[in-house]
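So for the sequence shown, this note's numbering puts the first residue at -14; every next one is plus one. Heads up, the beta-carbon is just placed ideally off N, CA and C, and yes, glycines get one too. This report concerns only the one structure given below.
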Amino acid sequence: MSTSTGLPDRDPLPTYLAPVPKTLEDLGLRFAWLVVAINLAGTAFGFWYYSGQFAHTPTAMWPWVPDSPMATLLIALAIGCWKLGREQPWLTALAFFGNIILGLWTPYTLLAFADAYSYLHPLMYQFLFWSHLAMVVQALVLHRISDFPVWSVAVALVWYGSNLVVDYFVPIVGEPHHTFIPVARETPMFLGADALGVIAAGEVTFTLLALFLALAIRAEKLALRVDGGPATTGGS
């Protein structure tokens, strides 16, 4: 913990693991409760946005439907726990995975099916695009409040791995539970893939990216400890 600012110290991680400028990180951590409130508002909007899909999904599978609002809820809870001095590594890891995966998958999908999304008002399209990229930014600040122990990364991988399975491969009940897209799943796209393959490839890729980043942050923090550098996190 930094004695001068009351904020967690920023470990000297490689830029590819901590690309957000320290000034912006500090700003977000200093106004953490505002960040929590914004994410809760986004969660409420997200559940409203998914209301149509809930109506077409068996109740038992609802936990796997609202991917983005679940991610914003998780990060609101993770940051709130940290502010209360009770940081939960498993919750922070879930928030990290969710905001990386969905924060990238949604803009990727909006671009891949840009023509088909023309029914959206331009302001809504832009809002969805940039608000989801903001989720990635806030995820990349979580290294300030957690060391991402391997067991917590495993928890996140199990949950988001199960999400991959029911979204694209084994729906268990009903049809695949991925977020609705504006074209039929079998629509030919590019490189020999259909629409389902394109969105599945994106989510698999971003899940692997989240896994790599979390474990790389863990490894770098452990290396700093061995070298005697600052590699601890704390609550506020």
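Select from the options the residue whose C-alpha is nearest the C-alpha of residue i.
i: tyrosine 153; options: Ile23, Ile184, Tyr35; result: Ile184
i: glutamine 73; options: Gly37, Leu113, Val140; result: Val140
i: leucine 200; options: Trp136, Pro173, Phe39; result: Trp136
i: leucine 62; options: Leu19, Pro167, Gln111; result: Leu19
i: threonine 91; options: Cys66, Ser53, Gly213, Asn24; result: Ser53
i: tyrosine 102; options: Phe112, Ile166, Leu(-2), Phe16; result: Ile166
i: methionine 55; options: Ala17, Leu95, Glu10, Ala26; result: Ala26
i: proline 156; options: Asp11, Trp49, Thr94; result: Trp49
Mind checking which residues open and close the alpha helix (DSSP H) that includes residue i?
i: methionine 55; result: 52 to 68
i: serine 36; result: 36 to 40
i: phenylalanine 81; result: 74 to 97
i: aspartate 11; result: 7 to 15
i: phenylalanine 197; result: 180 to 211
i: serine 137; result: 135 to 149
i: tryptophan 115; result: 107 to 124
In chain order, what residues of the same chain lie with their CB nearer than 6 angstroms to the CB of residue i, ignoring the 5 residues before and after it?
i: alanine 178; result: none
i: lysine 159; result: In the sequence as displayed, the identity of residue 159 is glycine instead of lysine. Correct list, in chain order: Pro43.
i: threonine -12; result: Reliability of the predicted coordinates at threonine -12 is poor, the pLDDT of 38 falling under 50, and no value is obtained from them.
i: leucine 69; result: none
i: alanine 80; result: Leu59, Ile60, Ala63
i: tryptophan 75; result: Ser137, Val140
i: leucine 181; result: Arg170
With a threshold of 7 angstroms on Cβ separation, who are the neighbours of residue i within its own chain once the five nearest residues in sequence on each side are excluded?
i: histidine 163; result: Asp152, Tyr153, Ile184
i: proline 173; result: Asp179
i: lysine 7; result: Arg(-5)
On the premise that residue j lies in contact with residue i, defined as a C-beta separation below 8 angstroms, what is that separation, rounded to the nearest angstrom?
i: phenylalanine 114; j: alanine 78; result: With 8 angstroms as the limit, phenylalanine 114 and alanine 78 do not qualify as a contact, their Cβ atoms being about 26 angstroms apart.
i: glycine 65; j: valine 21; result: 5 angstroms
i: glutamate 205; j: leucine -2; result: 5 angstroms
i: leucine 96; j: valine 121; result: No, leucine 96 and valine 121 are not in contact; Cβ-Cβ is about 15 angstroms, not under 8 angstroms.
I'd like the list of long-range same chain contacts for residue i, defined as Cβ closer than 8 angstroms, with 5 residues on each side in sequence excluded.
i: alanine 186; result: Ala178
key: Validate contact between the region 141 to 160 and the region 124 to 131 using beta carbons, cut 8 angstroms, 3 pairs   = no
inquiry  = If contact is defined by three or more beta carbon pairs under 8 angstroms, each pair taking one atom from either stretch, is the region 141 to 148 in contact with the region 23 to 33?
reply    = no
message = Pairs of beta-carbons, one from the region 106 to 113 and one from the region 200 to 210, closer than 8 angstroms: are there three or more?
response = no
request  = Tell me, please, whether the region 78 to 91 touches the region 189 to 198 by the rule of three or more beta-carbon pairs shorter than 8 angstroms.
outcome  = Touching, yes.
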